[in-house]
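Accompanying notes for the structure given below.
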Amino acid sequence: MVLTDHSLDSDRIPEHVACVMDGNGRWAQIRGLKRTDGHTAGEEALLDVVEGAVDLGVDWLTVYAFSTENWRRPIDEVQFLMRFNESILVRRRDELNEMGVRIRFIGRQDWRVPKRLKRQMDEAVNLTANNTTLTLTIAFNYGSRAELVDACRKLVASGVKESDITEERIAAELYDPEMPDVDLWVRTSGEYRISNYLIWQSAYAELVFLDTYWPDMRRDHLFAAVKEYQLRNRRFGGLSS
Ligand code: IPE
Ligand code: IPE
Ligand code: MG
């Protein structure tokens, strides 16, 4: 998608944008680099997209950083991603904090996530907890199926009666009950897959697929996706007004 027109309707900015940051490995491979160099290059893309989201007035930006299925990758890449995410948090949290970004995480905090990384996650969350400009949620060791399984477990553990199980009650047990439904769901890299990302929250999201590999993603691509979103007619099962 090529952005030719920056004119966006400020009354129809999506409240919640979700991004699948995909294509790092291919970005690196076509340049003769290591796959992990692609992850490194993705950091600049992320910061630019965060700034773009702030500029637009998006309230919630959720990015997919590591899926529950990504443990299937070679151990070297998995270890790189653990250390890399820790280092991004340490190096970028002050800058994000100054921008008014509130950092949150969704995902399973199981034993495979290194303690050092968990510590940095907690630090970033605590440091930025009172910020109000943008909530940046990082989906880490995240999968929608795991999230729904965990929600069911919490419901059962709470002794809820069958007749009290409602959509609201389930939503209240998701990793971040405050997270609003996704309005705009974006995936880079030319793949047309959901890959277990925010399935419950995206039930009525508008899906936009970009050919760009994540390391090349910049705020202009986000603006283009929002432009596309604004051309859509959301009906939520009803009829257009
Ligand atoms: C996305 O890029 C980052 C993670 C999944 C951690 P990929 O690593 O999936 O890159 P491709 O899809 O193989 O190009
Ligand atoms: C989704 O991308 C996960 C992240 C971007 C973190 P993948 O590259 O893991 O997804 P598949 O395997 O192509 O579906
Ligand atoms: Mg991928």
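For the sequence shown, counting from 1, position 97 maps to 113 in the numbering used here; every step adds exactly one.
By construction, the Cβ of each residue, glycine as well, lies at the ideal position given by its N, Cα and C atoms.
It should be emphasised that the depicted structure is a prediction, and the values quoted were computed from it without experimental measurement.
DSSP three-state call for V106: helix, strand or coil?
helix
Around the C-beta of Y208, are 16 or more other C-beta atoms found within 10 angstroms, so that it is buried, or is it exposed?
exposed
Please state whether DSSP places Y80 in a helix, a strand or coil.
strand
Please determine, among L105, R28, L97, the residue with the shortest C-alpha to C-alpha distance to D53.
L97
Take the Cβ of T20 as the centre, count every other Cβ of all protein chains shown within 10 Å, and call the residue buried at 16 or more, exposed below.
Unreliable positioning characterises T20 in this predicted model, as indicated by a pLDDT of 45, which lies under 50. A coordinate reading is not provided.
W43 lies in the alpha helix (DSSP H); which residues open and close that run?
40-45
Nearest CA to the CA of Q125: which residue from I91, D166, R118?
D166
N157 CB to nearest heavy atom of ligand 2 below 7 angstroms:
no
Own chain residues within Cβ distance below 6 angstroms of A34, not counting five before or after
T78, V198, W201, L214
Is L63 near ligand 1 - that is, is its Cβ less than 7 angstroms away from at least one heavy atom of it?
no
Spatial neighbours of P231 in its chain, beta-carbon cut-off 7 angstroms, leaving aside the 5 residues before and after
N40, W43, G54, A57, G58, A61
Which class does N157 belong to by DSSP, given the choice of helix, strand or coil?
strand
Relative to the C-alpha of D27, which candidate in I186, V74, I91 has its C-alpha closest?
V74
Residue environment, W87, which counts as buried when at least 16 other CB atoms sit within 10 Å:
exposed
Taking 7 angstroms as the line, does the beta carbon of G41 fall inside it for any heavy atom of ligand 1?
yes
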